[in-house]
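Asks: Mind looking over this structure? Questions follow.
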Amino acid sequence: MNRYDKAFKEEAVRLSDEIGPKKAAEQLGVAYHTLQDWRKRRTLHGDGAHIGSGRAYASANKTTREIELERENSELRRANEILKDALGFFAKDRKR
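Each residue of the sequence shown is one higher than the one before, starting from 37 at the first, in this note's numbering.
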């Protein structure tokens, strides 16, 4: 599976607006349905449409900093869960 960065996606969508999606997909070596998907996402999400490879879409109202903070918060929650599990494991071991 190919992954494309934000700049490539934006440029591909712009090119497809100028010369049409089929020709743009052929020129760029991107599947037609992939380019159509990017076009649809631009319509739905506006400026937040093409964040990059494999990343979730931001609403147009979220800033880059807010997205970073949400990601960090999620990572910290996962770390806390791991620590809680480890504490439980070691607490059981001490009771023996």
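By construction, the Cβ of each residue, glycine as well, lies at the ideal position given by its N, Cα and C atoms. Source: prediction; values computed, not measured.
First and last residue of the alpha helix (DSSP H) that includes R75?
Replies: It spans Y68 to H81 - the alpha helix (DSSP H) in which R75 sits, taken as one unbroken run.
Asks: I'd like the span of the alpha helix (DSSP H) that includes R50, first residue to last.
Replies: K42 to I55 is the span of the alpha helix (DSSP H), which, as asked, contains R50.
Asks: In whole angstroms, what is the alpha-carbon distance linking A60 and F125?
Replies: Rounded to whole angstroms, A60 to F125 spans 56 angstroms at the Cα level.
Asks: Would you call L71 buried or exposed, if buried means 16 or more other Cβ atoms sit within 10 Å of its Cβ?
Replies: That one is buried.
Asks: Is P99 helix, strand or coil by DSSP?
Replies: At residue 99 the sequence reads Thr, which differs from the Pro that was named. T99: coil per DSSP, three-state reduction.
Asks: Please classify A85: is it buried, with 16 or more other beta-carbons within 10 angstroms of its beta-carbon, or exposed?
Replies: It counts as buried.
Asks: Compare the beta carbon distance of W74 and K42 with 7 angstroms and say whether it is the shorter of the two.
Replies: The answer is no: Cβ separation not under 7 angstroms.
Asks: Pick from E108, D53, N38 and A127: whose alpha carbon is nearest that of T79?
Replies: Cα-wise, what sits closest to T79 is D53.
Asks: Leaving out the 5 sequence neighbours to the left and right, which residues in its chain are closer than 7 angstroms to A48 when beta-carbon positions are compared?
Replies: Taken in chain order, the residues that qualify are A60, L64, V66, L71 and W74.
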